[in-house]
Amino acid sequence: MNTIDSKKYFFSKGIDSYLEGVYKGYQFTIRFFKEAFVLPFHWREIINQCFEIGLKSLSLITLTAFIVGVVFTKQSRPSLENFGAVSWLPSLIGIAIVRALGPLVTALICAGKVGSSISAELGSMKVTEQIEAMEVSAINPFKYLVVTRVIATTISIPILALYCSFVGLIGSFYNVHNQEATSFEIFYKNAFSNISFLDIFSSVTKSIVYGFTIGIIGCYKGYFATQGTRGVGKATNQAVVLAIFAIFFEEVIIVQVVNWIRYF
Amino acid sequence: MEKGKKQNSVNKEETVIKINRLYKSFDELEVLKNVNLTVYRGENVAVLGKSGSGKSVLIKIIAGLLKPDKGEVTVLGKTVDKISGKELDELRLHMGFSFQSSALYDSMSVYKNLAFPLIMNVKNLTQKQVDTAVEEALEAVGLEDKIDELPADLSGGQRKRLGIARTLILKPEIMLYDEPTSGLDPITCAEINTLIIEVQERYKTSSVIITHDLTCAKHTCDRLAMLIDGAFLKIGTFEEVLNTDEEQIKKFFAYNFIQ
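As they're listed, the protein sequences go chains A and B. Its first residue numbered -12, the first sequence is counted upward by one per residue in this note's numbering. Its first residue numbered 543, the second sequence is counted upward by one per residue in this note's numbering.
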């Protein structure tokens, strides 16, 4: 019997499966919120995941943030020199890194590193029946695997984003100091002179949203992985692509909202 | 008693699993059609059938991993698909499920594989109690010396044994075995068959053994249920099923004997 040909679609196969995916994602997210606030809390696993996500991404973020700081400062200098406004450089870099680059660079790195690792891990567990093994042992796999990982990414990524901004500014200072022999104190005074509480608050809020997005997409794609190892690879790839797309989409929305608050 | 031979300790007055008019299909493919089965306390029932006949679907419905389309599965007096998630979890503490692939947690050591379900389900256990329970379960399956190894370092037979030990840690009343001897050499198969009987005698379990292996069915079962095309064609002792006039069953046995 050919079950594929005989199946009826509401729109078309592609549109139906896309809408089905959106609905399943929505249900998955709702289930997260339902289960996240119900006992028991697996604190040990949350801490373990924070360690896996946070500490193990630190070296990559340090390197990337430092390079971003140096390169961004180097690239911005000629334009400001044309207007005789080089003294504004720390201020410009401070705003750019704290408001946008810190959270965004961290989120993109974590989407690749953390999102893919979560998706691959859960996907492998799914296709080797380890998730079912948890279920039959009366362990709630959603709570143990999904809730802990999403909470861990939501906590870790804002901390990593703040760290990324800090290292980015150090990278920028390195470049400025080499060119103008500016002291660390003056650089930081200038860099933070135009940064308001709203900038820090929006930066942290953004990172929380990105962290949640990376965690929930990674878990969702892994949790529903099918078709063996090929399916795991596909789920991992989709988790990264979808998370990056979602991060940029959220960036646009959050920037609009923050600007609206700023000028209201 | 000869080692590996089953002793009859079935209590026919107490039903542990009752399957009544069970139907299950996936899209338009009917997998189970009007399946009926009763398993009594202390009984080992083997479900025999060729690949794709719906055996694994049946055992997953018993464990509450799949929902039936029609019909009822009652385990220890509770209808599996009608109870709440919490009640199902409580029921699962009385059921052990040994997966075909063993489904071991490959990031955890042998010790952690066993301790994990125990720690997650039994509160306020001391480290010593956990250690004792793990050692006891490993001793029951003969893997005491593998306690610190990772599942990846174990052989196929050892992985099956560890999968069984993981279910024994919670001292289940019912054991569900999904293809316990698949992919193993004849000697390891015989060891697993003996282990299934030893587990039943030591833990006083009732079992459903899903298999396509005649030797496994013959050695471990009190009754054999022959699943052909999604329905039980014959249920009885191994000899009764073997000597049936049913053409499809004869063909199945004949092919397996030749093999």
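We put the CB at the ideal spot given by N, CA and C, even for glycine.
Check	Outcome
Where Gly638 (chain B) sits in the DSSP three-state scheme	strand
Gln117 (chain A) at chain B interface by Cβ criterion, 7 Å	yes
Residues bridged to Arg765 (chain B) [DSSP beta-bridge criterion]	B:Val587
Alpha-carbon spacing of Ala292 (chain A) relative to Val191 (chain A), whole angstroms	The structure shown does not extend to residue 292 (chain A), since chain A spans only -12 to 251, so no value can be given for it.
Residues sharing a beta bridge with Ser749 (chain B), DSSP	B:Asn586, B:Met717
Residue from B:Lys654, B:Pro693, B:Ala759 with nearest C-alpha to Tyr484 (chain B)	Because chain B spans 543 through 801 in this model, residue 484 (chain B) falls outside it and cannot be assessed.
Neighbour-count burial assignment, Glu172 (chain A), 16 or more Cβ in a 10 Å radius	exposed
Straight-line gap, Thr(-10) (chain A) to Tyr197 (chain A) (C-alpha atoms, nearest Å)	Low confidence applies here, because Thr(-10) (chain A) scores a pLDDT of 45, under 50, leaving its location unreliable and the question unanswered by this model.
For Val101 (chain A), three-class secondary structure by DSSP	helix
Close beta carbons around Leu710 (chain B), own chain, < 8 Å, minus the five adjacent residues each side	Gly638, Ala679, Ala682, Val683, Val741, Tyr745
Assigned secondary structure, Leu680 (chain B) (DSSP; H/G/I helix, E/B strand, else coil)	helix
Any C-beta of chain A under 7 Å from that of Asp695 (chain B)	no
Buried or exposed (CB count within 10 angstroms, at least 16 for buried), Ile138 (chain A)	buried
Closest residue to Phe184 (chain A) among A:Val85, A:Ile240, A:Phe160, A:Ser159 (Cα-Cα distance)	A:Val85
Pick from B:Val672, B:Val577, B:Thr736 that is closest to Arg703 (chain B), judged by C-alpha positions	B:Thr736
Residues bridged to Ile561 (chain B) [DSSP beta-bridge criterion]	B:Leu579, B:Val615
Exposed unless 16 or more other CB atoms sit within 10 angstroms - verdict on Asn553 (chain B)	exposed
N-terminal and C-terminal residue of the alpha helix (DSSP H) that Ala83 (chain A) is part of	Segment: none, Ala83 (chain A) is in no alpha helix (DSSP H) and carries neither H nor E.
Any C-beta of chain B under 7 Å from that of Ser104 (chain A)	no
First and last residue of the uninterrupted beta strand (DSSP E) at Ile777 (chain B)	773 to 778
DSSP three-state assignment for Val25 (chain A), whether helix, strand or coil	coil
C-alpha distance - Gly209 (chain A) paired with Ile561 (chain B), whole-angstrom precision	33 Å
Any chain B beta carbon closer than 7 Å to Ala120 (chain A)	yes
Terminal residues of the alpha helix (DSSP H) in which Tyr161 (chain A) lies	135 to 167
Buried or exposed by the 16-neighbour rule on C-beta atoms within 10 Å, applied to Ile240 (chain A)	exposed
Burial state of Asn576 (chain B) (16 or more Cβ within 10 Å)	exposed
Under 7 Å by beta carbon: chain A residues contacting Ala645 (chain B)	Thr115, Glu116, Gln117, Glu119, Ala120
Best match in B:Tyr582, B:Glu691, B:Leu685, B:Ser626 for proximity to Ile734 (chain B) [C-alpha to C-alpha]	B:Leu685
Neighbourhood of Met(-12) (chain A) by C-beta, 6 Å cutoff - its chain only, sequence neighbours within 5 removed	At Met(-12) (chain A) the pLDDT is 41, less than 50, meaning the model places this residue with poor confidence; the figure from the coordinates comes in the next sentence. Counting only Cβ-Cβ distances below 6 Å, and skipping sequence neighbours, we find nothing.
Alpha carbon of Ile166 (chain A) to alpha carbon of Val92 (chain A), nearest angstrom	Contrary to the premise, residue 166 (chain A) reads as Gln rather than Ile in this sequence. Cα to Cα, Gln166 (chain A) sits roughly 25 Å from Val92 (chain A).
Cutoff 7 Å: Met650 (chain B) Cβ touching any chain A Cβ	no
Cβ of Ile706 (chain B) within 7 Å of any chain A Cβ	no
Stretch-stretch touch, CB-based, cutoff 8 Å, three pairs: the stretch 120 to 137 of chain A with the stretch 639 to 655 of chain B	yes
CB of Glu587 (chain B) within 7 Å of CB of Ile604 (chain B), strictly	The question names Glu, yet the displayed sequence has Val at residue 587 (chain B). For Val587 (chain B) and Ile604 (chain B), no; Cβs fall outside 7 Å.
Cα-Cα separation between Ala675 (chain B) and Leu635 (chain B), rounded to whole angstroms	15 Å
Within 7 Å, strictly: CB atoms of Ala178 (chain A) and Gly81 (chain A)	yes
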